[in-house]
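Number of protein chains: 4
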Amino acid sequence: MSSIKNIGVLTSGGDSPGMNAAIRAVVRASIYHNLKVTGILRGYEGLIQADFIPMDGQSVANIIQRGGTILKTARCDAFRTKEGRELAHKNLVESDIDALVVIGGDGTFTGADLFSSEFDFPIIGLPGTIDNDLAGTDFTIGYDTAINTVVNAVDKIRDTAESHDRLFIVEVMGRDSGLIALRSGIGVGAEAIMIPEAKMGVDDLICRLETGRKDKASKIIIVAEGDEAGGAYVVGEALKEKFPKSDIRISVLGHIQRGGKPSCMDRVLASRFGVAAVEGLLAGKTDVMVGQINREIVFTPFSQSIKHIDAKAISPTWLRLVEILSL
Amino acid sequence: MSSIKNIGVLTSGGDSPGMNAAIRAVVRASIYHNLKVTGILRGYEGLIQADFIPMDGQSVANIIQRGGTILKTARCDAFRTKEGRELAHKNLVESDIDALVVIGGDGTFTGADLFSSEFDFPIIGLPGTIDNDLAGTDFTIGYDTAINTVVNAVDKIRDTAESHDRLFIVEVMGRDSGLIALRSGIGVGAEAIMIPEAKMGVDDLICRLETGRKDKASKIIIVAEGDEAGGAYVVGEALKEKFPKSDIRISVLGHIQRGGKPSCMDRVLASRFGVAAVEGLLAGKTDVMVGQINREIVFTPFSQSIKHIDAKAISPTWLRLVEILSL
Amino acid sequence: MSSIKNIGVLTSGGDSPGMNAAIRAVVRASIYHNLKVTGILRGYEGLIQADFIPMDGQSVANIIQRGGTILKTARCDAFRTKEGRELAHKNLVESDIDALVVIGGDGTFTGADLFSSEFDFPIIGLPGTIDNDLAGTDFTIGYDTAINTVVNAVDKIRDTAESHDRLFIVEVMGRDSGLIALRSGIGVGAEAIMIPEAKMGVDDLICRLETGRKDKASKIIIVAEGDEAGGAYVVGEALKEKFPKSDIRISVLGHIQRGGKPSCMDRVLASRFGVAAVEGLLAGKTDVMVGQINREIVFTPFSQSIKHIDAKAISPTWLRLVEILSL
Amino acid sequence: MSSIKNIGVLTSGGDSPGMNAAIRAVVRASIYHNLKVTGILRGYEGLIQADFIPMDGQSVANIIQRGGTILKTARCDAFRTKEGRELAHKNLVESDIDALVVIGGDGTFTGADLFSSEFDFPIIGLPGTIDNDLAGTDFTIGYDTAINTVVNAVDKIRDTAESHDRLFIVEVMGRDSGLIALRSGIGVGAEAIMIPEAKMGVDDLICRLETGRKDKASKIIIVAEGDEAGGAYVVGEALKEKFPKSDIRISVLGHIQRGGKPSCMDRVLASRFGVAAVEGLLAGKTDVMVGQINREIVFTPFSQSIKHIDAKAISPTWLRLVEILSL
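Residue numbers (my numbering), protein chains in the order written: chain A, 6 to 332; chain B, 6 to 332; chain C, 6 to 332; chain D, 6 to 332.
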């Protein structure tokens, strides 16, 4: 039988839609298993400052549908130091918190991995990031909402593109990963998608545009912010030079991609993950991230999960789709 | 090398969001492979009436984001007769259409299966139904959009439930399948879900409500229309009798669940399926449905696909989730 | 100078989107004028039960975008009795609350009118109802959101109607008033609108349908729930009898019309009204409802405001529009 | 009796949501009055190139809910020349078009005013612009949709701002007018709004931020793109310098503000205006813009309508609201 009696839960790193659904699931699964559950505010910062709040079923009522995180999140340089982590551990011990669920991305898990080893402290992670770039899960919490936000935004831009026979270059999030760009690009019916993992340069793009269907007057190019070609503005300048008579506009979608009500899929994913994390801790698991692969719950060591998934493997299939669908 | 030169495409059965994205993908994949492509209006009805329109890349411009189907859909009793199917075949032959892509649900595939055998005619099906109840695919086109529509509607109802401390019984689609109810029920944070596959009767529901958290004033019960307890009104009457002082309301979501802009996931799924169907036909496949299992494209014989998936196998896991999450 | 030092605020009657924005504005305007402000829970019920909470700027943070009401609302029979109102008055006096802002509809204002006269107690009302049926304001808080909810729902239904060449009869809220039906009916491009104030019977409707454009295959009829013809089901039965070959479906939108995030217009209206109510009380106004007529803030005695606005005066203009626009 | 037999309709300038609803109303009102109606593509450009299409009731089916304009729009330098306008007039005469409805903003009306005088040609304008900056109407077609788009986008950003205790500077459209910023700023609960018409400089903003409520951790500043302080980036740099420890981010909403499904209000406004324009032409009106003031249809000479409405007159009231509501 597990000796865990009080689980602490925190969110860390950039917020993503569905984090609140995950917190709710952690809290209610703890109650189901007769555990105490403690909210830790502002991620690792709250761990160091002992910013703890007791939580019950009511604490997480009516939050499943809200974006952001009620526990707040922050960057925390102090947690990268040995002293910081020792203070965090002391605070946990003094508050009788004997296990942690951390919700975040690779930075969060790097810290958790270290902390878990240093203090032999049970920790399970939940993948909460819009980027979907963690190994060990088919989908991260927030990715589905983010690609729907992109699709809805670009649908609006398409109205203007169609009305004016314009070409729009739309930059979406993804510093190291083209996964948001790839899937949302298919979703909006983009004429081309530029991602860090595929080496389509501006010249290839120009070639594609020159050989495309002639009667197609409006076009949408999706560019991941981390693309080597340099982002939407650089691509835009090159196209304007090449096609001086075309009406070319740039739109950087920016921060709207992180927020908003989570989609049904993200709420369900977060709910499953939250329950699995609590039950995983009770079953003695630690130093792992919960994920879903082929619809089954799996646990992956933090050290594996934080290896960036890049879209290299999958991008040829998807980029071929884009090419076919733009005919 | 395939002898197919002209692919006909039709939508049949109840419409579902993403059908237009599927049509677009079939048309453009045909163009990519230098095939002609012909739109058939109103499903099998148009096959019998030779209601055909030639399609090109422009025909499907700017439809990926639209609900419904530009090819229209209809019930067709005549196609259930031998004479009807013979006429349909004659029309196809006369118009030089030598393969079909049919988009729909189990009724559509039953017809396709028969037609394909009788006339040795190449047909591939795409799963287009909000119910997600077909074997051979993890998801059908339209399911993800439908559960998001339910979630968004119930979020609104939750506002009123919270404000009035009310219990709402919300009926969602699913005559034979509880899959819409199960997943959307988790998504809205329902206190209980009643589906045909699980034998939770009204008595169990009453018991659940009586033993639940006392400080929880508002509640949402999701009932699949096909539930044996008899739908939302029957359940509502029983609860009103048992809890005469409670403020109990019923809402039947109805037809809004079929329409609307497809979600990103449904657009991507439909796009993949449409391309896979055309390339499957060219590779000699016939009498099969395209699906996606564990993120890979698979082909399943029609006769297998139309076996109703019920949620019996999965429902214990999900219903346990509901119980935990409502604490 | 006003002797008011502590304003109580409550919401009563059916909830409507924007009530939270109104509460926020009342609270912050009170702070701006150095007043205390007290939240009263569950409308007049909380007044009788002395269910009061002190509020500050933080109490209303991050609620402007939420449907429902954080102060909750309820029916209260006790407030209709002299004893109930005396108890309410005693509670207010004991808590040093010396003025009230009540947010609701005609039932709310009838109570407020009585209470204000009986105890010479300063009260100002804010029109919070989706029905838009109060005299003394061009728009009530929640109406704009409700008609947008109807329009978005019927847009989805239109997808199915178009795909199947169907006629849909959609019932919208409005027991005594056709104002939701009229404006949303124009918004969705309805073929006909049936409201209590206009005597278009089923026969007229049938006549309209028979003489309409022949190539129009799908149709939407909007029926207000209070229509004399008897609601969507009665109209539907009559049409099915007359047009047995037509594919006719009925959808009752129901409770989704009350909830949801308020539209920008409702947030702005509620914000203006909340500030105007506090400043009105300070200026000595009482027994009046705040409203907006021709973009200016006006105050109307409760006794005038609760005279139901019906759409009789305006309906000929709007119904002529419907006729023209359906050609 | 009017001699008008064939009305031409075009959209010009930047597209705005509701233009399609306006086109639909012009077409159907023409049919109602037994007139021919001709669509002119790409604004004045199509007039000069005789790019005309006959329209009937079916041409405008199922477009009321779509953003953009099915008639397309474009800039047209040639129409600014005498030769261009003479060619346009010749084309109209040759096609027997004897009156025009032009849908657009001030640039559109300047051209219409000139053309109408030069050739004594009947023209009525419809205000189609998201900026709401035309005299002669309380609201332009597209404004209500645009402010709802802003509000929905900033609600998402607020999720992140709350989660991270961040300050966001959000730039909205409005080169010469702060009307989008003012109303959407109230709607999102902004802490401050910077518009061209009010002289709140960066110093005033800093002062406001320093004296505001201390426990408020996240803040939203709305800046109109035309603000004299120089747009969101300039304001952001100044704030970062002043508050180096604060977490400050910038978001420029950009082109999403022009597109999207029109709100109910914009659809109704566009529908009324379209009918009024046709009936105005038949009644002999010309060289005027249709508008709505205090809920009544009014006609204003083009020369009056194109005087930019600025928010100077109304901004003190609104900016005081912002100040009160941010407490």
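A virtual CB, placed ideally from N, CA and C, is assigned to each residue, including glycine.
Item: Please report whether the beta-carbon of C/Arg29 lies at a distance below 8 Å from any beta-carbon of chain B.; Value: no
Item: Would the stretch 260-276 of chain D and the stretch 144-161 of chain C be scored as touching if the rule is three or more Cβ pairs under 8 Å?; Value: yes
Item: Is the beta carbon of C/Thr102 sitting closer than 8 Å to the one on C/Gly13?; Value: It should be noted that the sequence gives Ile, not Thr, for residue 102 of chain C. Contact: yes.
Item: Pairs of beta-carbons, one from the stretch 283-303 of chain B and one from the stretch 159-174 of chain B, closer than 8 Å: are there three or more?; Value: no
Item: What in chain A is Cβ-close to B/Tyr37, meaning under 7 Å?; Value: Ile329 and Leu332
Item: Could you tell me which residues DSSP puts in a beta bridge with A/Thr16?; Value: A/Ile108
Item: Count Cβ pairs between the stretch 82-100 of chain C and the stretch 116-132 of chain C that sit closer than 8 Å; are there 3 or more?; Value: yes
Item: Just verifying my parser: in three-state terms, what is the DSSP assignment at B/Ser251?; Value: coil
Item: Got a sec, what are the start and stop residues for the alpha helix (DSSP H) D/Gln297 sits in?; Value: Run containing D/Gln297: none in the alpha helix (DSSP H); it sits in the beta strand (DSSP E), Val293 to Ile298.
Item: In chain order, what residues of the same chain lie with their CB nearer than 6 Å to the CB of A/Val42, ignoring the 5 residues before and after it?; Value: Ile12, Val32, Ser35 and Met60
Item: May I ask you to report which of helix, strand or coil DSSP gives A/Ser121?; Value: helix
Item: Assess, as a yes-or-no matter, whether the stretch 12-27 of chain B is touched by the stretch 94-111 of chain B under the definition of 3 or more beta carbon pairs within less than 8 Å.; Value: yes
Item: Confirm, please, whether the CB-CB distance from C/Phe114 to C/His94 is below 8 Å.; Value: no
Item: Taking only the alpha-carbon atoms, compute the straight-line gap between D/Trp323 and D/Ile302 and give it to the nearest angstrom.; Value: 26 Å
Item: Identify which residue in A/Ala30, A/Gly44, A/Gly73 and A/Ala104 has its Cα closest to the Cα of A/Gln262.; Value: A/Gly73
Item: The ligand SAH and D/Gly296: does any heavy atom of the ligand fall closer than 7 Å to the residue's C-beta?; Value: Here there are no bound small molecules, and the ligand SAH is not part of this structure.
Item: Measuring only the C-alpha atoms, how far is A/Ala55 from A/Ala30?; Value: 23 Å
Item: Which complete alpha helix (DSSP H) runs does the stretch 8-77 of chain B hold, if anything under 4 residues is left out?; Value: 24-37 and 49-53
Item: Scan the stretch 254-282 of chain A for residues whose Cβ lies nearer than 9 Å to a Cβ of chain D and list them as they occur along the chain.; Value: Arg254, Ile255, Ser256, Val257, Leu258, Gly259, His260, Ile261, Gln262, Arg263, Gly264, Gly265 and Lys266
Item: Pull up the distance between the alpha-carbon of A/Asp181 and that of D/Asn25, whole angstroms please.; Value: 41 Å
Item: Answer with yes or no whether the minimum CB distance from B/Glu167 to chain A is below 8 Å.; Value: yes
Item: Along the stretch 8-25 of chain D, what residues have a CB closer than 9 Å to any CB found in chain A?; Value: Thr16, Gly19, Asp20, Pro22 and Met24
Item: Can you tell me which of the three DSSP states D/Ile162 falls into?; Value: helix
Item: Report the residues of the stretch 169-188 of chain D with a CB closer than 8 Å to any CB of chain A, ordered along the chain.; Value: His169, Asp170 and Phe173
Item: How would you label B/Thr305, buried or exposed, when you count the other beta carbons within 10 angstroms and need 16 or more for buried?; Value: buried
Item: Taking the DSSP output, what are the residues bridged to C/Ser256?; Value: C/Val175
Item: According to DSSP, is B/Phe304 part of a helix, a strand, or is it coil?; Value: strand
Item: Output, in chain order, the set of chain A residues within a Cβ distance shorter than 7 Å of B/Gln70.; Value: Asp160
Item: Assuming A/Thr142 and A/Gln297 form a contact by the criterion Cβ under 8 Å, report the distance between their Cβ atoms to the nearest whole angstrom.; Value: 6 Å
Item: Do the CB positions of B/Gly133 and B/Ala27 come within less than 8 Å of each other?; Value: yes
Item: Check whether the Cβ atoms of D/Ala237 and D/Ile135 lie closer than 8 Å to each other.; Value: no
Item: Considering only their Cβ atoms, is the gap separating C/Met199 from C/Val240 smaller than 8 Å?; Value: yes
Item: Once DSSP output is grouped into helix, strand and coil, what is the label at B/Met1?; Value: This structure cannot settle anything about residue 1 of chain B, because the visible part of chain B is limited to 6 through 332.
Item: If A/Ala197 and A/Arg218 are in contact, beta carbons under 8 Å, what's the gap, nearest whole angstrom?; Value: Contact flag wrong, Cβ pair sits at about 13 Å.
Item: So if DSSP puts C/Leu97 in a beta bridge, which residue, or which two residues, is it bridged to?; Value: Answer is none; C/Leu97 lacks a bridge partner.
Item: Using the three-state DSSP reduction, which class does C/Ala229 fall into: helix, strand or coil?; Value: strand
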